[in-house]
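Report on one structure; see the data block that follows.
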Amino acid sequence: QQQVKQSPQSLIVQKGGISIINCAYENTAFDYFPWYQQFPGKGPALLIAIRPDVSEKKEGRFTISFNKSAKQFSLHIMDSQPGDSATYFCAAAHSSGNTGKLIFGQGTTLQVKP
Amino acid sequence: DAGVTQSPTHLIKTRGQQVTLRCSPISGHKSVSWYQQVLGQGPQFIFQYYEKEERGRGNFPDRFSARQFPNYSSELNVNALLLGDSALYLCASSKGQGNPIYGYTFGSGTRLTVV
Numbered sequence: 001q002q003q004v005k006q007s008p009q010s011l012i013v014q015k016g017g018i019s020i021i022n023c024a025y026e027n028t029a030f031d032y033f034p035w036y037q038q039f040p041g042k043g044p045a046l047l048i049a050i051r052p053d054v055s056e057k058k059e060g061r062f063t064i065s066f067n068k069s070a071k072q073f074s075l076h077i078m079d080s081q082p083g084d085s086a087t088y089f090c091a092a093a094h095s096s097g098n099t100g101k102l103i104f105g106q107g108t109t110l111q112v113k114p
Numbered sequence: 001d002a003g004v005t006q007s008p009t010h011l012i013k014t015r016g017q018q019v020t021l022r023c024s025p026i027s028g029h030k031s032v033s034w035y036q037q038v039l040g041q042g043p044q045f046i047f048q049y050y051e052k053e054e055r056g057r058g059n060f061p062d063r064f065s066a067r068q069f070p071n072y073s074s075e076l077n078v079n080a081l082l083l084g085d086s087a088l089y090l091c092a093s094s095k096g097q098g099n100p101i102y103g104y105t106f107g108s109g110t111r112l113t114v115v
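If you read the sequences in order, they're chains A and B.
Going by our numbering, the final residue of the first sequence carries number 114, and the count climbs one at a time with no gaps.
Going by our numbering, the final residue of the second sequence carries number 115, and the count climbs one at a time with no gaps.
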């Protein structure tokens with residue numbers, strides 16, 4: 001059962017443009033929503049995360065927007081650079097549990113053209 | 001400090017064989033989680049261990065097992081390999097008891113190919 005749906009599957013953006021990746025979740029018990037960045041041959045690396053008590057979180061060029069009522073959240077990459085070309089995964093988890101279980105989306109492959 | 005170390009990096013096995021994958025967490029991290037990442041998909045949770053005890057198990061068959069040692073390193077064992085077990089196996093370590101809000105650090109994974 002897919003609990004986190006991510007779109008688009010792939011994205012091509014020009015250098016300097018804005019990259020937007022969207023995710024939707026089903027389980028209202030989720031209350032921790034991280035984004036991971038993965039380069040070929042590497043494991044995912046935590047990029048930025050948000051809790052549902054805020055609607056937006058910004059770290060440098062990366063911003064998460066969160067809509068609790070719609071059960072959706074998105075990643076915005078401002079001023080996209082060729083070095084941002086990677087696969088991005090949204091995820092969701094219960095912050096109160098200690099099971100270590102992150103539910104990942106299917107991933108979005110981002111290509112930033114120079 | 002060294003990151004999460006996984007070995008081997010690549011592995012080719014034949015259907016029906018058994019495989020053991022190893023993971024050393026970041027120094028000071030006591031929790032280890034295992035994920036399976038099939039090509040083109042997001043990682044799927046297999047197990048989480050803390051202080052040598054299993055704290056969580058994903059929807060995987062009993063052919064998958066794991067354990068954690070007193071030094072907090074961990075092994076993932078898969079028996080009776082199937083072609084569908086071909087994937088990147090990721091290990092993640094974290095502080096505390098493994099609550100994801102404290103952040104997971106993933107290793108680079110072991111690429112398992114079953115032929």
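Even glycine gets a Cβ: it sits at the ideal position worked out from N, Cα and C.
All figures in this text were calculated on a predicted structure; none of them were measured in a lab.
Sheet register partners of residue i (DSSP bridge)
i                 : result
Ile103 of chain A : A:Ala92
Pro34 of chain A  : A:Ala49
Phe39 of chain A  : None, per the DSSP bridge assignment.
Arg111 of chain B : B:His10, B:Leu88
Ile21 of chain A  : A:Leu75
Bounding residues of the beta strand (DSSP E) (the contiguous stretch that carries residue i)
i                 : result
Gln68 of chain B  : 64-68
Gly60 of chain A  : It is not in any beta strand (DSSP E) - Gly60 of chain A carries neither H nor E in the DSSP assignment.
Ala92 of chain B  : 87-94
Ile101 of chain B : No beta strand (DSSP E) holds Ile101 of chain B; DSSP gives it neither H nor E.
Ser7 of chain A   : 4-7
C-beta contact flag for residue i and residue j at 8 Å
i                 : j                 : result
Gln48 of chain B  : Gly103 of chain B : no
Arg3 of chain B   : Thr113 of chain B : What sits at residue 3 of chain B in the sequence shown is Gly, not Arg. Cβ atoms of Gly3 of chain B and Thr113 of chain B: not closer than 8 Å.
Ser65 of chain A  : Ser55 of chain A  : yes
Val13 of chain A  : Ser19 of chain A  : yes
Thr110 of chain B : Pro25 of chain B  : no
Val32 of chain B  : Gln68 of chain B  : yes
Please specify which runs of the beta strand (DSSP E), each continuous and at least 3 residues long, are wholly inside the stretch 29-76 of chain B, giving them in chain order. You should have 31-37, 44-50, 53-57, 64-68.
Along the stretch 30-48 of chain B, what residues have a CB closer than 9 Å to any CB found in chain A? Along the stretch 30-48 of chain B, the positions whose C-beta sits under 9 Å from a C-beta of chain A are Ser31, Val32, Ser33, Tyr35, Gln37, Gly40, Gln41, Gly42, Pro43, Gln44, Phe45, Phe47, Gln48, read in chain order.
Given a limit of 9 Å on CB to CB distance, which residues of the stretch 36-47 of chain A reach chain B? Answer in chain order: Tyr36, Gln38, Gly41, Lys42, Gly43, Pro44, Ala45, Leu46.
Compile a chain-ordered list of the residues in the stretch 75-109 of chain B whose CB is closer than 9 Å to at least one CB of chain A. Using a CB distance below 9 Å, the part of the stretch 75-109 of chain B facing chain A consists of Leu88, Leu90, Cys91, Ala92, Ser94, Gly96, Gln97, Gly98, Asn99, Pro100, Ile101, Gly103, Tyr104, Thr105, Phe106, Gly107, Ser108, Gly109, ordered along the chain.
Quick one, which residues of the stretch 15-30 of chain A are near chain B if we go by CB-CB under 7 Å, in chain order? Per Cβ criterion, the list is empty.
Looking at chain A, which residues of the stretch 51-63 of chain B have a Cβ within less than 8 Å of any of its Cβ atoms? If the cut-off is 8 Å between Cβ atoms, the stretch 51-63 of chain B has Arg55, Gly56, Gly58 near chain A.
Using Cβ-Cβ distances below 7 Å, what residues of the stretch 66-94 of chain A are close to chain E? Of the chains in the structure shown, none is chain E; the protein chains are A and B.
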